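Q:
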Amino acid sequence: MSLSLLTQLADIPASQWDALAPNDQPFMRHAFLSALEESGSVGGRSGWQPQHLLWREGDRVLAAMPGYGKRHSMGEYVFDHAWADASQRAGIPYYPKWLSAVPCSPVGGARLLGEAEAADRLLQALPDFLSTHGFYSGHINFNDAALSDRLAEDGRWLPRLGCQYHWHNRGYRDFQDFLDVLTSRKRKQLRKEREGVRQQDIEFCWYQGHELSEAQWDFVYTCYANTYFVRGRQPYLTRQFFSLLAERMPEALRITIASQHRQPVAMALSLVD
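Residue numbering for the sequence shown is 0 to 272, as defined by numbering that gives the first Met the number 0.
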């Protein structure tokens, strides 16, 4: 039995990694994580150095955690600067740190993958393993409730709580069914907003990953990048990353493109399980 580091996901077959990950976790799939690496979105000078963990028993990989070595906290969408500052003031090194998360996306879900018994052994060995490999702190962001419960029983981990807003389909038959559960004021507000969109001659088209042309993917990336440019920042993900997603997991991609007078003006990209 041993715990080891994997510095590139290409070194493990996709079938072997995906056998450990839950089927409803597209962000944990080999196709998604390897696309980040091969596109240069992580690795190199990005500040996200792949440091995935594998728990082996003999020649079998029974558990894993995606992970990254970091010397800053950029691209995590959760702010631990206060923790880093407190550590510095106390004379306790904070970086380099090891982080298990979906790079550049505040997406919740599984982080500890594999068979339950092997996963428990990995988690038990994790803090000492990180220490012996030069990491001064270990972090797990946006993990699921099952892992939170496990970590709560281990006195070596401290919880950091945040807030996210999620929308869930409660079995609504249609949009009107959804409106009916809202207050009168909110129903009126939503109808007014939708009417405003209709009056501007804005139309929406929905696509799966394999249905977009390269020109449309260029537009998707332009919209994504602009969310950073307007704040004076550079986008974390590269254009090639989107092409690799379209090539490797098109069935998991849903793209909405809004057009005005037949010209695209906005988009939304979603992943489905």
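For glycine and all other residues, C-beta sits at the position ideal for the given N, C-alpha and C. Just so it is clear, the structure is predicted and the values come from calculations on it, not from any experiment.
#1: What are the residues that DSSP puts in a beta bridge with P49?
#2: Indicate the three-state DSSP secondary structure (helix, strand or coil) for V290 in the structure shown.
#3: Looking at L111: is its Cβ nearer than 9 Å to the Cβ of L160?
#4: Locate the alpha helix (DSSP H) running through F228, then write down its first and last residues.
#5: Pop quiz: H51 and L98 are said to be a contact at Cβ under 8 Å. What is the actual Cβ separation, rounded to whole angstroms?
#6: With a 10 Å radius around its C-beta and 16 neighbouring C-beta atoms as the bar for buried, classify E152 as buried or exposed.
#7: Please name the residue, chosen from F177, F31 and N225, that lies closest to W166 on a Cα-to-Cα basis.
#8: Would DSSP call A124 helix, strand or coil?
#9: Entirely within the region 117 to 179 and at least 4 residues each: give me those alpha helix (DSSP H) ranges in chain order.
#10: For L32, which residues of its own chain have a beta-carbon under 7 Å away from its beta-carbon, when the five flanking residues on both sides are left out?
#11: Is P25 closer than 9 Å to V271 when the C-beta atoms are compared?
#12: Check the DSSP bridge columns for G113 and list the partner residues they point to.
#13: Whether or not the region 208 to 225 and the region 247 to 258 are in contact is what I'm after, with contact meaning three or more pairs of Cβ atoms, one per stretch, closer than 8 Å; do they touch?
#14: Decide yes or no for the touch test of the region 73 to 89 against the region 129 to 144: beta carbon pairs closer than 8 Å, at least 3 of them.
#15: DSSP on V264, reduced to helix/strand/coil?
#16: Classify P49: buried if its beta carbon has 16 or more other beta carbons within 10 angstroms, exposed otherwise.
#17: Are the Cβ atoms of P21 and G107 separated by less than 9 Å?
#18: In angstroms with no decimal places, state the Cα-to-Cα distance between Y235 and D217.
#19: Is L243 near E37, with beta carbons less than 9 Å apart?
#20: Among H260, N140 and Q188, which one has its Cα closest to the Cα of Q199?
#21: Rounded to a whole number of angstroms, what is the C-alpha to C-alpha distance between G231 and Y223?
#22: Please state whether DSSP places F31 in a helix, a strand or coil.
#23: By how many angstroms is the C-alpha of D10 removed from the C-alpha of L4?
#24: Compare the Cα-Cα distances from R70 to each of R186, G42, R59 and L53 and report the closest residue.
A: Reading from the atomic positions:
#1: P49 pairs with Y67.
#2: In the structure as shown, the chain starts at 0 and stops at 272, and residue 290 therefore has no counterpart that could be examined.
#3: In this structure, L111 sits away from L160, with a CB-CB distance that is not shorter than 9 Å.
#4: Run containing F228: E213 to F228, per the alpha helix (DSSP H) assignment.
#5: That pair is no contact at about 11 Å.
#6: Exposed, since its Cβ has fewer than 16 Cβ neighbours within 10 Å.
#7: Comparing Cα positions, the closest option is F177.
#8: Of the three classes helix, strand and coil, the one that applies to A124 here is helix, per DSSP.
#9: For the region 117 to 179, the full-length alpha helix (DSSP H) segments reaching 4 residues or more read 144 to 151 and 174 to 178 along the chain.
#10: Cβ neighbours of L32 within its own chain (closer than 7 Å, five residues either side excluded): L8 and P65.
#11: Going by C-beta atoms, V271 is nearer than 9 Å to P25.
#12: Checking the DSSP bridge columns, you'll see G113 partnered with A62.
#13: The region 247 to 258 is in contact with the region 208 to 225.
#14: Taking 8 Å as the limit for Cβ pairs, the verdict is that the region 129 to 144 does touch the region 73 to 89.
#15: V264: strand per DSSP, three-state reduction.
#16: When all chains shown are included, P49 counts as buried.
#17: By the CB criterion at 9 Å, P21 and G107 fall outside the cutoff.
#18: Taking the straight line from one Cα to the other gives about 16 Å.
#19: Contact flag set, yes.
#20: Of the listed residues, the one whose Cα sits closest to Q199 is H260.
#21: A straight-line Cα-Cα distance of about 14 Å links G231 and Y223.
#22: Helix at F31.
#23: Distance from the CA of L4 to the CA of D10, rounded to the nearest whole angstrom, comes to 11 Å.
#24: Between R70 and the set R186, G42, R59 and L53, the nearest pair of CA atoms involves G42.
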